[in-house]
Every structure is written in structure tokens, then in C-alpha cells.
Amino acid sequence: MPLRSLLAIVWISTGIFSIYIATFYGGAILAGTLEKDWNEVLPRLYEPGSIAAATMIGMHFIAGSSVLLLGPLQFIPALRTRHPRLHRWTGRVYLVSALLAGIGGLAYLALKGAVGGIVMEIGFGLYGVLTVLAALQAWRHAAARRLDLHRAWAIRLFALGIGSWLYRMYYGIWLKGLGGAGHTGTFDGPFDMTMSFFFYVPNLLVAEYFIRRQATPTFSMPRRVLGQAGIVALVLVLLAATWLFAHAYWLPHIGRRLAPLFA
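Here the sequence shown is numbered in numbering that gives the first Met the number 0, starting from 0 and rising by one per residue.
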């Protein structure tokens, strides 16, 4: 039950965040305000004249929002057992979206680099390579009906896919809770350099734990209790953080983008 609760809150939070990404970044394309809106979050994200780079990062954002929205669906047992066809098709869209998001991000780095310099470029570049690798491996093993290996790579891909959501969550908590110590406007401070890897490396370690737990599910009672308690604590933290960000940031931005449609 705690694990299902964790999956539910992750889906709710990433779902709201993915809608924010699609409306904020996609809406800026439609409104013609890329330079103003995109650069509000990351300096020099969009520069007039860099059409190829803007196209690649736009693909990264839009495909990434699909990854966040569809990821938790792949781990609902009822979807796999009762609606296998739906699971396969949503899975295909999920994997293609992950490939496009990874390729778009890598292409942008190759064309423009990262605002935070070499450390951010290495961290984000490795993240993109791992995302593409996990998507290809999950697809390859599914096509070959090696379902245990497919599931293991799907878990790794999910851990990577939620990285963009966690990146914003970590920054928001750090800026609000600790005043942004170690963060600079050019994203090259000690906190920024740590975050270039921290938003996905711990996720992969947790993913490997779950993969190995499925392979050898015999754990002692104290370890089970400790694991369940950790999941409950994580659910509570994510609930509080999701409410904070949705209330203060995501929902207001979504509302401002969608309001003209209903005026």
C-alpha cells in the first residue's frame, strides 16, 4: 500500500508538472514570447537566430512532458493484465517520447552547451545518454519478449524520466528553505554543480534496489519495516512539496496560459 501511495502521488505531481511544462514552454511558442518566458527559468535558453537549438530544446520539453505523464501508467498492474493492448500502445508512446526528449536535450547541448558550463554539460549529457539507452533497451527487450529485462529497463527509464521533475522540486525547496546557498544566477555554484548529477543518480540507485528486490524478495522484517517507513516519509514530503509548488507556481502559470482560451 505505501508503494502504491508513492506511485499515486508521483503521478499526480508529475502530471501537474507535465501540464505546466507543456502550457508554459509550448504556450510561449504559440504566443511568440520564447525569449521572455524561456529565459525566465534558465538564462540564454533561447536566443534569436538559434532556430535549430530552439527546435531541439522545444522537442525536449514537449516530449519530456509526455514522459512524465505516461511513466506511472506503465507500472499499474491492472493496465498490464486487463488492458494489455493499451499498455503496449501507451508504452510505445512513452518510449518514443523518452527517445525524443533525450535526443532533443543532447542535440541542444551539442549546439549551444549548458549555461552552467562544463560540469552541467557533463551531468546533463550523461543524463541524456542514459535516457536514450534505457528507452532503447526497454524497447528491445519488450520486442524480444524478455519481459523481466524489459521491466528492469523500464524501471530505470522511469527513474531517469522523473529527473526533470525532481530537478525543479529540489531547486524550489533549496531556494525557499535555505535561501539558495551555493546557487548562482549562471548555475555554476557548488549546489548547481552537485545538482547536475543529483537529480538522477540517486534515482538510479533506488531503481537498482527495487530491481534486485524483485529478483530476491526475501528481506528480514526489520528491513521491510524500515523500507515501508521510508516510503511513507517520502510520500508525506512529496505531498507537501507538490502542494507548495502547485499552489505557488505551476497552477498559476497554467491558469495564465489557458485563461485567454476561455475569455
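Quick reminder that beta carbons are idealized off the backbone N, C-alpha and C, glycines included. Source: prediction; values computed, not measured.
With contacts defined as CB atoms closer than 8 Å, MET168 and PHE74 fail to qualify as a contacting pair. Residue state for ARG144 is assigned as coil, using DSSP reduced to three classes.
Apart from the 5 residues on each side of it in sequence, TYR45 sits with its Cβ closer than 7 Å to the Cβ of LEU33, GLU34, TRP37, ASN38 and ALA53 in its chain, given in chain order. Only residues of its own chain outside the window of five on either side were considered, and among them LEU78 and ARG79 have a CB closer than 6 Å to the CB of HIS86, listed in chain order.
In this chain, the alpha helix (DSSP H) harbouring HIS59 covers 50 to 69. Unbroken alpha helix (DSSP H) runs of no fewer than 4 residues, entirely contained in the stretch 155 to 225, are found at 162 to 177, 189 to 197 and 200 to 214, following chain order.
In the three-state reduction of the DSSP assignment, PRO251 falls in the helix class, which pools H, G and I. For VAL231, the secondary structure class from DSSP, reduced to helix, strand or coil, is helix.
In this structure, ARG150 keeps its C-beta atom at 8 Å or more from the C-beta atom of LEU203. Per DSSP, ILE102 is one residue of the alpha helix (DSSP H) stretching across 83 to 111. Inclusion of PHE16 and TRP242 in the CB contact set at 8 Å is not warranted, their separation being larger than that value. By the Cβ test, the stretch 47 to 65 is in contact with the stretch 98 to 108, since at least three Cβ pairs between them sit closer than 8 Å. Between GLU207 and ALA258, the alpha-carbon positions lie close to 43 Å from each other. The beta carbon of ALA113 sits closer than 7 Å to those of MET119, GLU120 and PHE123, all from its chain and outside the five residues before and after it, given in chain order.
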